[in-house]
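Peer 1: Before I ask anything, here is the structure I am working with.
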Amino acid sequence: MGTVEVDCSSCGQRLSLPASHTGRFQCPSCGTEQDMAVASPSKQDPMEALSDQYASARTLAMRLNVAGIAVGVLAILVFMGGLGQLGPDPENCTEIEMDGEMVMSCSGGGFLENPEALNYVGFACCLLVPIAIILPVVAQAVRPPPLVTHQPVHAQHGVVGSTDTEAVVEWDTPLQRLIGAVSLLFGGSLVLATVVLAIGVVVLFVLALMALGSMG
31 MGTVEVDCSS CGQRLSLPAS HTGRFQCPSC GTEQDMAVAS PSKQDPMEAL
81 SDQYASARTL AMRLNVAGIA VGVLAILVFM GGLGQLGPDP ENCTEIEMDG
131 EMVMSCSGGG FLENPEALNY VGFACCLLVP IAIILPVVAQ AVRPPPLVTH
181 QPVHAQHGVV GSTDTEAVVE WDTPLQRLIG AVSLLFGGSL VLATVVLAIG
231 VVVLFVLALM ALGSMG
């Protein structure tokens, strides 16, 4: 059974009545009896519509933050899975004598010999990590500021037509704030890790070039 909202003709209080009600009703605030047929339908409050819009935006921001955390965790798992595939094949290992002792010498095991590992690492670094970094930024962009609304309170007894309001601040819930903070911290950690990894790759590349130059 649905409901219909009407405004009291005496005090303006918004009332919610069953849609099937066709008789008279009494306002609980001022006690005025009036006919359902002549009661004015309640108009949409602009602040109420704005409040619903802000609530939807906060929900969207939280979902984007959760998605960013999930994609970041997936990126770490895929990256570690790719690194786990590196290493020489035992079939490519042989025993050699070094300083009078027999040691194992293995060849291969790098990215060139393991293209699947390179695909895993590339997928994590080039696709998943950027998505995990972008999602919290987008969440912060769509996250609305606090909204101050004025909610009606019950009228004082004996005062007909009095309407009191109180200011109510609508903002993120503690859970939404926690998820947002974790998402931003996690995204920042991924940015730092990506920068460190890029610097490490550049340093290794330069050292390799220097080693080749010294050998020539």
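Heads up, the working numbering is the position in the sequence shown plus 30, with the first residue counted as 1. Even for Gly, the Cβ is constructed at its ideal location relative to N, Cα and C. Remember, it's a predicted structure, so these values are computed and weren't measured experimentally.
#1: Can you tell me which of the three DSSP states Leu177 falls into?
#2: Report the three-state DSSP secondary structure of Pro204 (helix, strand or coil).
#3: Quick one: Cα of Leu45 to Cα of Gly102, how far?
#4: Spell out the partners DSSP gives Ser46 in its beta bridges.
#5: Which class does Asp82 belong to by DSSP, given the choice of helix, strand or coil?
#6: Taking 8 Å as the cut-off, does the segment 53 to 66 touch the segment 159 to 179 (at least 3 CB pairs, one atom from each stretch)?
#7: According to the Cβ coordinates, are Leu220 and Val151 closer than 7 Å?
#8: For Gln115, does the three-state DSSP call read helix, strand or coil?
#9: Leaving aside the five residues before and after Glu146 along the sequence, list all residues of the same chain whose C-beta is less than 7 Å from its C-beta, in chain order.
#10: Give every residue of the same chain whose Cβ lies closer than 6 Å to the Cβ of Ala169, excluding the five residues on either side of it in the sequence, and list them in chain order.
#11: Exposed or buried, what is Ser192 when buried is set at 16 or more other beta-carbons lying within 10 Å of its beta-carbon?
#12: Mind checking whether the beta-carbon of Arg173 lies closer than 6 Å to any heavy atom of the ligand ATP?
#13: What residue range is occupied by the uninterrupted alpha helix (DSSP H) comprising Pro160?
#14: Using a threshold of 7 Å, state whether the C-beta atoms of Cys60 and Ser81 are closer than that.
#15: Using the rule of at least 16 other Cβ atoms within 10 Å of the residue's Cβ for burial, across every protein chain shown, is Val259 buried or exposed?
#16: For the alpha helix (DSSP H) that contains Gly152, what are its first and last residues?
#17: Taking just the CA atoms, how far does Leu165 sit from Cys156?
#18: Which residues does DSSP pair with Gly216 in a beta bridge?
Peer 2: Reading off the structure:
#1: Taking the first residue of the sequence shown as 1, we reach residue 177 at position 147. Looking at Leu177 - three-state DSSP - the assignment turns out to be strand.
#2: On the sequence shown, position 174 is the one that residue 204 refers to. Helix at Pro204.
#3: Stepping through the sequence shown from its first residue, residue 45 is reached at position 15. Stepping through the sequence shown from its first residue, residue 102 is reached at position 72. Counting only the Cα atoms, Gly102 lies some 48 Å from Leu45.
#4: If you number the sequence shown from 1, residue 46 lands on position 16. Answer by DSSP bridge pairing, in chain order: Glu35.
#5: Within the sequence shown, the letter at position 52 stands for residue 82. Asp82 falls in the helix class under three-state DSSP.
#6: no
#7: In the sequence shown, residue 220 corresponds to position 190, counting from 1. In the sequence shown, residue 151 corresponds to position 121, counting from 1. Cβ distance not < 7 Å, so Leu220 and Val151 don't count as in contact.
#8: The count along the sequence shown starts at 1 and reaches residue 115 at position 85. In the structure shown, Gln115 adopts coil according to DSSP, grouped into three states.
#9: Here residue 146 corresponds to residue number 116 of the sequence shown, with the count starting at 1. Around Glu146, the same chain offers Gln115 as residues with beta carbons nearer than 7 Å, after the five sequence neighbours per side are excluded.
#10: Your numbering for residue 169 matches position 139 in the sequence shown. Contacts found: Ala91, Leu94, Asn95.
#11: For the purposes of this step, residue 192 is identified with residue 162 of the sequence shown, where counting begins at 1. Because the pLDDT of Ser192 is 49, which lies under 50, any placement of that residue in the model is unreliable, and the number read from its coordinates should be weighed accordingly. Ser192 comes out exposed.
#12: This structure lacks the ligand ATP; in fact it carries no ligand of any kind.
#13: Locating residue 160 in the sequence shown gives position 130, counting from the first residue. Counting along the chain, the alpha helix (DSSP H) containing Pro160 begins and ends at 159 to 172.
#14: Indexing the sequence shown from 1 puts residue 60 at position 30. Indexing the sequence shown from 1 puts residue 81 at position 51. No, Cβ-Cβ distance for Cys60 and Ser81 is not below 7 Å.
#15: Nothing about residue 259 can be reported from this structure: the residues present for the chain run from 31 to 246 only.
#16: Numbered from 1 along the sequence shown, position 122 holds the residue referred to as residue 152. Segment 145 to 153, the alpha helix (DSSP H) holding Gly152.
#17: On the sequence shown, residue 156 is found 126 positions in, with the first residue counted as 1. On the sequence shown, residue 165 is found 135 positions in, with the first residue counted as 1. It is roughly 15 Å from the alpha-carbon of Cys156 to the alpha-carbon of Leu165.
#18: Locating residue 216 in the sequence shown gives position 186, where the first residue counts as 1. One detail in the question is off: residue 216 reads as Phe in this sequence, not Gly. When beta bridges are read from the DSSP output, Phe216 appears opposite no residue.
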